[in-house]
Amino acid sequence: MAVHPIRLLGDPVLRMKARRVTRIDDSIRALVRDMIESMYAARGVGIAAPQIGVPLRVIVIGLPDEEPFALVNPEIVKREGQRRVEEGCLSIPGYRAMVPRSVTVVARGLDLQGRMVRIKASAKGGERDALLAQALEHEVDHINGTLYIDHLDSLDELVKIGEEAPELEEEKGR
Ligand code: ZN
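Encoded structure:
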């Protein structure tokens, strides 16, 4: 197991459409363990494989005080409603912004035993479910090469939250 550095905005791996996993084997289980360690080391509530440099369709979500779980080849199969929520990303440290997200999402994917699981999460169900819905959309975005800043009208909407926030020159003009 290992903590990997989080890939940052400007790294091309974050912009790739990640490949589907064809077989859930020990290498995928090891990847998930590394993702969990890296996520906690960076104090995130979710992480996608491309964020540690692996362009595969694997995400992990670790809500506060809950066991983390992985979804392989996840997809959002249903979205309902719209809300605006504050969001940040481990790959864009030092910034946050209000982004549009769905009120309710249904996601589907495989667990590490290869069983299909379906997760429904709605902001109507309280804070925990609201965070889960947001995390599912955020992480599934990642494996499609989408970052939350793509949902903003302008990068001017980003709010700096850290002294060390880097300038976002690299992708300006996208
Ligand atoms: Zn992110």
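Position 52 of the sequence shown, counted from 1, bears residue number 51 in numbering that gives the first Met the number 0, the numbering being contiguous throughout.
Glycine included, each C-beta is placed from N, C-alpha and C at the ideal position.
| Any chain D beta carbon closer than 9 Å to residue 161 | Considering every chain present, this structure includes no chain D. It has just one protein chain.
| message | Taking contact to mean 3 or more Cβ pairs, one atom from each stretch, closer than 8 Å, check whether the segment 104 to 114 and the segment 71 to 82 are in contact. | response | Judged by pairs of C-beta atoms under 8 Å, the segment 104 to 114 touches the segment 71 to 82, as three or more such pairs exist.
| query | residue 39: beta carbon under 8 Å from a heavy atom of the ligand ZN? | reply | For the purposes of this step, residue 39 is taken as the residue at position 40 of the sequence shown. The answer is no for residue 39.
| Residue range of the alpha helix (DSSP H) that includes residue 37 | Translated into the one-based positions of the sequence shown, residue 37 becomes position 38. That run of the alpha helix (DSSP H) goes 25 to 40.
| Quick one, which of 54, 26 and 122 has its alpha-carbon nearest residue 145's? | Along the sequence shown, one-based indexing puts residue 145 at 146. Closest by C-alpha distance to residue 145, out of 54, 26 and 122, is 54.
| Cβ contact (3+ pairs, closer than 8 Å) linking the segment 113 to 120 and the segment 129 to 136 | Taking a cut-off of 8 Å on C-beta distances, the segment 113 to 120 touches the segment 129 to 136, as three or more cross pairs fall below it.
| message | Can you determine whether any heavy atom of the ligand ZN sits closer than 8 Å to the C-beta of residue 89, and answer yes or no? | response | Here the question's residue 89 lines up with position 90 in the sequence shown. Checking the 8 Å criterion, the Cβ of residue 89 is within range of a heavy atom belonging to the ligand ZN.
| message | Under 8 Å, with one C-beta from each stretch per pair, do the segment 11 to 20 and the segment 46 to 65 reach the 3-pair mark? | response | Yes, the segment 11 to 20 touches the segment 46 to 65.
| message | Please determine whether the Cβ atom of residue 94 lies at a distance below 8 Å from any heavy atom of the ligand ZN. | response | Indexing the sequence shown from 1 puts residue 94 at position 95. The answer is no for residue 94.
| request: On a CA-only basis, which of 10, 112 and 95 is nearest residue 24? Give me that one, please. | output: As a working mapping, residue 24 is identified with position 25 in the sequence shown. Proximity to residue 24 across 10, 112 and 95 peaks at 112, based on C-alpha coordinates.
| query | Is any heavy atom in the ligand ZN found nearer than 8 Å to the beta carbon of residue 109? | reply | For the purposes of this step, residue 109 is taken as the residue at position 110 of the sequence shown. False, no ligand heavy atom lies under 8 Å from that Cβ.
| message | According to DSSP, is residue 65 part of a helix, a strand, or is it coil? | response | Within the sequence shown, numbered from 1, the residue matching residue 65 stands at position 66. Assigned with DSSP and collapsed to three states, residue 65 falls in coil, not helix or strand.
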